[in-house]
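The block underneath contains the structure these notes are about, expressed in structure tokens.
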Amino acid sequence: MGVSLVAVDEFEAPGVGIFDFPPLWDGAPHWLNKPVVMAAFGVVLVCSLAWAAFASPKLVPRGMQNAGEYVYEFVRDQVARPFLGKDAERWMPLLLSLFVLILVWNFMGVVPVLQFPVNSHIAFPVIFALVVYVLKIYLGIRHQGLGGYFKNMMFPPGLPKPLAIALFAPLELLYNFVTAPFTHAVRLFANMFAGHLLLAFFSAAGFWFLIAHPTLPGASIGVLSVVTTVAMTGLEIFIQFLQAFLFTMLAAMFIGGSLHPDH
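Residue numbers are given in my numbering: position 129 of the sequence shown equals residue 153, and the series is strictly consecutive.
Written out as structure tokens, the structure is:
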């Protein structure tokens with residue numbers, strides 16, 4: 025038992041330091057690190073998969089084309105059409121690219137060797153959210169006019185003007201210009217960050233008690249950690265998919281709200 029207690033005392037849980045990556049080589053730019061390379065690899069992979077699926081489409085789809093069409097139909101039917109209606113097909117290139125790229129970057133967190141979700145670095149979700157946010161404002165002003173955009177945002181039909189001025193308008197301004205873009209980025213980042221940290225913790229605990237310090241009393245902790253890691257990996261895969269879906273769905277909702285404010 026004494027050996028087990030010593031092992032427990034010496035075990036250091038992974039912290040936020042696991043998200044800090046040095047440059048790939050001495051003298052390289054500070055931004056040129058593993059997450060950036062993985063992000064670039066993910067872009068190339070998505071482009072390659074799209075090319076393999078749709079470069080030479082057949083009337084009866086097979087293989088990669090069949091898989092690509094399933095993904096396309098999922099995004100179209102579950103994301104684009106509910107929020108964009110007749111404009112769904114027009115915006116499918118953006119929404120499909122967002123969904124697949126975010127999904128690939130998320131899945132990298134459970135791929136052996138890679139084992140790091142790109143979106144656990146806040147910069148990547150922030151860029152995605154800013155692109156959607158700027159597009160939302162641009163489309164709103166273009167389709168509704170500058171005055172119409174702010175009027176539709178702050179003064180919905182049927183709401184008494186005093187109530188709108190005193191309460192609704194300030195809340196809508198806060199939501200549209202602060203809360204919405206902030207939560208759009210942070211929701212994706214926070215889920216990937218927390219999931220990766222939990223997987224790293226239980227994996228490290230399993231390695232520590234079963235391999236680095238294989239003592240009988242500590243073996244039960246190691247086995248429990250490994251079982252938890254496996255279970256958490258399955259849950260994390262589901263969350264990675266869910267977060268890609270939610271981010272893309274919110275993007276479609278923002279775009280649809282700018283195109284069709286009456287809905």
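By construction, the Cβ of each residue, glycine as well, lies at the ideal position given by its N, Cα and C atoms. It should be emphasised that the depicted structure is a prediction, and the values quoted were computed from it without experimental measurement.
Should residue i go down as buried or exposed, given a rule of 16 or more other Cβ atoms within 10 Å for buried?
| i | result |
| --- | --- |
| TYR157 | buried |
| GLY291 | Outside the displayed range of the chain (25 to 287) lies residue 291, so it cannot be described from this structure. |
| TYR199 | exposed |
| HIS208 | buried |
| TRP55 | exposed |
| ILE235 | exposed |
| PHE206 | exposed |
| PHE98 | exposed |
| THR272 | buried |
| TRP129 | buried |
Find the nearest neighbour of residue i within the set the options, judged by alpha-carbon distance.
| i | options | result |
| --- | --- | --- |
| ALA224 | THR252, PRO85 and GLY172 | THR252 |
| ALA299 | ILE263, PRO184 and PHE233 | One cannot answer for residue 299 here, as it falls past the ends of the chain, which runs 25 to 287. |
| MET178 | LEU159, ARG166, TYR162 and PHE201 | PHE201 |
| ILE161 | ASP44, GLY41, ILE42 and MET277 | MET277 |
| HIS145 | PRO117, LEU170, PHE78 and LYS58 | LYS58 |
| GLY258 | HIS220, GLY246 and ALA275 | HIS220 |
| ILE261 | GLN139, VAL60 and PHE65 | GLN139 |
| GLU93 | MET116, GLY109 and LEU283 | MET116 |
| SER227 | LEU248, ASN215 and PHE213 | LEU248 |
| HIS284 | LEU163, ILE263, MET273 and ALA275 | LEU163 |
| ASN215 | VAL135, SER244, GLN264 and HIS167 | GLN264 |
| VAL124 | VAL254, VAL250, ASP44 and SER72 | SER72 |
| TRP49 | GLY41, PHE43, HIS167 and VAL61 | VAL61 |
| ASP44 | MET256, PHE217, PHE271 and MET273 | PHE217 |
| PHE131 | GLY281, GLN267, LEU274 and SER282 | GLN267 |
| GLY281 | PHE65, PRO106, THR203 and VAL68 | PRO106 |
| PRO180 | PHE192, HIS167 and ASP111 | PHE192 |
Is residue i helix, strand or coil when you go by DSSP?
| i | result |
| --- | --- |
| VAL156 | helix |
| SER28 | Because SER28 sits at a pLDDT of 49, beneath the cut-off of 50, its placement in the model cannot be relied upon, and the point is left open. |
| GLU36 | coil |
| LYS82 | coil |
| LEU120 | helix |
| TRP49 | coil |
| VAL70 | helix |
| PRO285 | coil |
I'd like to confirm something about residue i: is its beta-carbon nearer than 7 Å to some heavy atom of the ligand NAP, or not?
| i | result |
| --- | --- |
| TYR157 | This structure lacks the ligand NAP, and indeed carries no ligand of any kind. |
> Whole alpha helix (DSSP H) runs in the region 200-268 with 4 or more residues, listed along the chain?
Replying inline: 204-231
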